[in-house]
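**Q** Residue 636 in this note's numbering sits at position 71 of the sequence shown, and the numbers go up by one each step.
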Amino acid sequence: MVSRRKTSSSMPCYQPIDIDNIISRLTTVSAQQTQWRHSLDVSEREIRSICHLSRELFLSQPMLLELNAPLKIVGDIHGQFSTILLLLCYKLKYPLNFFMLRGNHEVAALNRIYGFYNECK
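(1) Below 8 Å on the Cβ atoms is my contact criterion, and I expect F591 with C654 to pass it. Report the Cβ-Cβ distance as a whole number of Å.
(2) Go ahead and label I642 buried or exposed: buried means 16 or more other beta carbons lie within 10 angstroms of its beta carbon, across all protein chains shown.
(3) Taking V607 as the reference, which of L666, V672, F646 has the closest Cα?
(4) When you compare only the Cα positions, how much space is there between V672 and K658?
(5) Return the first residue and the last residue of the alpha helix (DSSP H) that I584 is part of.
As structure tokens, this is what we get:
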């Protein structure tokens, strides 16, 4: 019988990353770059580590957030790939003080109404 379970040798190795350095690079735009033509100064290894670490963090925390005032809420973020990376970095840096909620566009009906469904075909 063949096992489909990954062995430890095939599991990816996520090296430590410098979150502060990545945040600095993501928030620094040179005078020659516009916000629409901003190149991403983050390596694939760093991106994979950010995704892996933030996934583990989200899975370790409760799905229902019971928070106390005062709160600052920022919403309806329609960002680029660098925006989600920045938000994930802030989540990793401040795991107990930075919270992310999923948006209403995860509802199938809203995806069709606002055209996101057709964009992803």
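Every residue, glycine too, gets a C-beta built ideally from N, C-alpha and C. Predicted model only: the values in this text are computed from it and were never measured.
**A** On the basis of the coordinates in this document:
(1) Mapped onto the sequence shown, residue 591 falls at position 26. Mapped onto the sequence shown, residue 654 falls at position 89. Checking the displayed sequence, the identity of residue 591 turns out to be Leu instead of Phe. Rounded, the Cβ-Cβ distance is 7 Å, consistent with contact.
(2) In the sequence shown, residue 642 corresponds to position 77, counting from 1. When all chains shown are included, I642 counts as exposed.
(3) Along the sequence shown, one-based indexing puts residue 607 at 42. With distances taken between Cα atoms, V607 lies closest to F646.
(4) Translated into positions along the sequence shown, residue 672 becomes position 107. Translated into positions along the sequence shown, residue 658 becomes position 93. Distance between the alpha carbons of V672 and K658 is about 29 Å.
(5) Numbered from its first residue, the sequence shown carries residue 584 at position 19. It spans 584-592 - the alpha helix (DSSP H) in which I584 sits, taken as one unbroken run.
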